[in-house]
Amino acid sequence: NAGVTQTPKFQVLKTGQSMTLQCAQDMNHNSMYWYRQDPGMGLRLIYYSASEGTTDKGEVPNGYNVSRLNKREFSLRLESAAPSQTSVYFCASRTGYEQYFGPGTRLTVT
Amino acid sequence: GQQVMQIPQYQHVQEGEDFTTYCNSSTTLSNIQWYKQRPGGHPVFLIQLVKSGEVKKQKRLTFQFGEAKKNSSLHITATQTTDVGTYFCAAIIQGAQKLVFGQGTRLTINP
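Listed in order, the protein sequences are those of chains A and B. Going by this note's numbering, the first sequence runs without a break in its numbering and finishes at 121. Going by this note's numbering, the second sequence runs without a break in its numbering and finishes at 102.
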């Protein structure tokens, strides 16, 4: 039981490049989330998926897209990366009221 | 949108001293959660408080939810080096589908 896994762990992009962050959970949770964490800003919700087949915007969705591929997987795509998207990205899934977080992806955009 | 303010942003203590972080909202919260994030790690759920005036304890950690359900606190008695990390409060909104997090309090400890 791996919990929530994220790939890659680290990534460096040049401005304008695109990439997809992958997230998978093996706990059969319905709800999944993408957050970004910046110093002094806490965790800010980018997008979430309450169940397979649905996605909704969070607090900071601009510049991102998501896909809930199936119940296990929820990916985050940056179509044209910008330096402002340099951050640590966390995926999470939820059962009941507790959220389980993945180990994070540290993304740098130069 | 709903905001949760957390103070202080940083706290440095000597090992053995107590530590408290506070979480405040301008609106009444249905419940509040607390998470801990070790340096370089990911947030880990600690507890959820639901009832007005609720107090819960986990070993040296004491969690309180205010009578008006607009504030909460986490108090650590006699800190240890294992307590180092950032502590976040988070409020559940929109039918428990989303969490809004406070900015976090980063605790460092001098051994």
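The beta-carbon is built from N, C-alpha and C at its ideal position, and this holds for glycine as well. Note that this is a predicted model, so its numbers are computed, not measured.
Check: At a cut of 8 Å, does the segment 98 to 113 of chain A reach the segment 7 to 18 of chain B through at least three beta carbon pairs?
Finding: Touching, no.
Margin query: Any C-beta of chain B within less than 7 Å: which residues of the segment 104 to 115 of chain A qualify?
Written below: Those residues of the segment 104 to 115 of chain A placed with their C-beta closer than 7 Å to a C-beta in chain B are Tyr108, Glu109, Gln110, Phe112, Gly113, Pro114 and Gly115, ordered along the chain.
Notebook entry, point to check: Relative to the alpha-carbon of B:Asn16, which residue among B:Lys48, B:Leu37 and B:Val91 has its alpha-carbon at the smallest distance?
Noted result: As a first step, residue 16 of chain B is located in the second sequence; it is residue number 25 there, counting from the start. Per the sequence presented here, residue 16 of chain B reads as Ser, with Asn not at that position. The candidate whose alpha carbon is nearest that of B:Ser16 is B:Val91.
Notebook entry, point to check: What are the uninterrupted segments assigned as beta strand (DSSP E) that are 3 or more residues long and contained completely in the segment 69 to 117 of chain A, given in chain order?
Noted result: Listed in chain order, the complete beta strand (DSSP E) runs (minimum 3 residues) inside the segment 69 to 117 of chain A are 75 to 79, 85 to 89, 98 to 106 and 109 to 112.
Next item on the list: Grab me the residues of A:Tyr59's own chain with a C-beta within less than 8 Å of its C-beta, minus the 5 sequence neighbours each way, in chain order.
Entry: Numbered from 1 along the first sequence, position 48 holds the residue referred to as residue 59 of chain A. Exclusion of the five residues before and after A:Tyr59 leaves Ser42, Met43, Tyr44, Trp45, Thr66, Asp67 and Gly69 as the residues of its chain whose Cβ lies within less than 8 Å of its Cβ.
Next item on the list: Along the beta strand (DSSP E) that carries B:Thr12, what are the first and last residues, could you check?
Entry: What you label residue 12 of chain B is simply residue 21 of the second sequence in a count that begins at 1. B:Thr12 -> beta strand (DSSP E) spans Phe10 to Ser16.
Margin query: If you measure between the beta carbons of B:Leu40 and B:Ser64, is that distance less than 8 Å?
Written below: Against the second sequence, residue 40 of chain B aligns to sequence position 49. Against the second sequence, residue 64 of chain B aligns to sequence position 73. Judged by their CB atoms, B:Leu40 and B:Ser64 are not nearer to each other than the 8 Å cut-off.
Notebook entry, point to check: Using DSSP with H/G/I as helix, E/B as strand and the rest coil, what is B:Tyr53?
Noted result: Sequence index remark: in the second sequence, residue 53 of chain B carries index 62 (1-based). Looking at the sequence shown, residue 53 of chain B is not Tyr but Thr. In the structure shown, B:Thr53 adopts extended strand secondary structure according to DSSP, grouped into three states.
Next item on the list: Spatial neighbours of B:Val75 within its chain, please: CB distance less than 8 Å, with the 5 preceding and 5 following residues excluded, ordered by chain position.
Entry: For this step, residue 75 of chain B is matched to residue 84 along the second sequence. Setting aside the 5 residues that flank it on each side, B:Val75 is surrounded in the same chain by Arg29, Pro30, Leu98, Thr99 and Ile100, each with a C-beta closer than 8 Å to its C-beta; the list follows chain order.
Next item on the list: Starting from B:His33, find everything on chain A with Cβ-Cβ shorter than 8 Å and list it in chain order.
Entry: Counting from one through the second sequence, the residue named residue 33 of chain B turns up at place 42. In chain order, Phe101, Phe112, Gly113, Pro114 and Gly115 make up the part of chain A whose C-beta sits under 8 Å from the C-beta of B:His33.
Note to self: Closer than 8 Å is the cut-off here; do at least three beta carbon pairs connect the segment 28 to 35 of chain A with the segment -6 to 4 of chain B?
What the structure shows: No, they do not touch.
Checklist line | Opening and closing residue of the beta strand (DSSP E) in which B:His66 lies | finding: Position 75 of the second sequence, counting from 1, holds the residue named residue 66 of chain B. Residues Asn62 to Ile67.
Check: Are any of the Cβ atoms in chain A nearer than 8 Å to that of B:Leu90?
Finding: Along the second sequence, read from residue 1 onward, the residue named residue 90 of chain B stands at position 99. Residue-level contact check: B:Leu90 touches chain A, since one or more beta carbons of chain A fall below 8 Å from its beta carbon.
Next item on the list: For B:Gly95, return the contacting residues in chain A, with the cut-off set at a CB-CB distance below 7 Å.
Entry: Mapped onto the second sequence, residue 95 of chain B falls at position 104. By Cβ distance, chain A contributes Gly53.
Notebook entry, point to check: Given a limit of 9 Å on CB to CB distance, which residues of the segment 52 to 75 of chain A reach chain B?
Noted result: Going along the segment 52 to 75 of chain A in chain order, one finds Met52, Gly53, Leu54, Arg55, Leu56, Tyr59, Ala61, Asp67, Gly69 and Glu70 with a Cβ nearer than 9 Å to chain B.
Notebook entry, point to check: When you compare each of A:Ile57, A:Leu80 and A:Ala13 to A:Glu63 by their alpha carbons, which one comes out closest?
Noted result: As a working note, residue 63 of chain A is residue 52 in the first sequence. When each option's Cα is compared against that of A:Glu63, the closest is A:Leu80.
Check: Which same chain residues, not among the five before or five after B:Tyr26, have their C-beta less than 7 Å away from its C-beta?
Finding: Here residue 26 of chain B corresponds to residue number 35 of the second sequence, with the count starting at 1. The beta carbon of B:Tyr26 lies closer than 7 Å to those of Pro34, Val35, Phe36, Leu37, Phe79 and Ala81 in the same chain, with the five residues before and after it left out.
Check: Looking at the structure shown, is B:Asp74 part of a helix, part of a strand, or coil, going by DSSP?
Finding: Residue 74 of chain B sits at position 83 when you count from the first residue of the second sequence. Reduced to three states, the DSSP call for B:Asp74 is helix.
Margin query: Shorter than 7 Å, the distance from the beta carbon of B:Glu58 to the closest heavy atom of the ligand MN, or not?
Written below: The ligand MN is absent from the structure shown, which contains no ligands of any kind.
Checklist line | Of the residues A:Lys20, A:Leu89, A:Ile57 and A:Gln28, the one placed nearest B:Gly108, counting alpha carbons only | finding: Residue 108 of chain B is absent from the structure shown; chain B starts at -8 and stops at 102.
Check: What's the gap between the Cα of A:Ala93 and the Cα of A:Thr18?
Finding: Within the first sequence, numbered from 1, the residue matching residue 93 of chain A stands at position 82. Within the first sequence, numbered from 1, the residue matching residue 18 of chain A stands at position 7. Counting only the Cα atoms, A:Thr18 lies some 20 Å from A:Ala93.
Notebook entry, point to check: What residues in its chain sit with their C-beta under 6 Å from that of A:Ser91, if we drop five residues either side in the sequence?
Noted result: What you label residue 91 of chain A is simply residue 80 of the first sequence in a count that begins at 1. Gly27, listed in sequence order.
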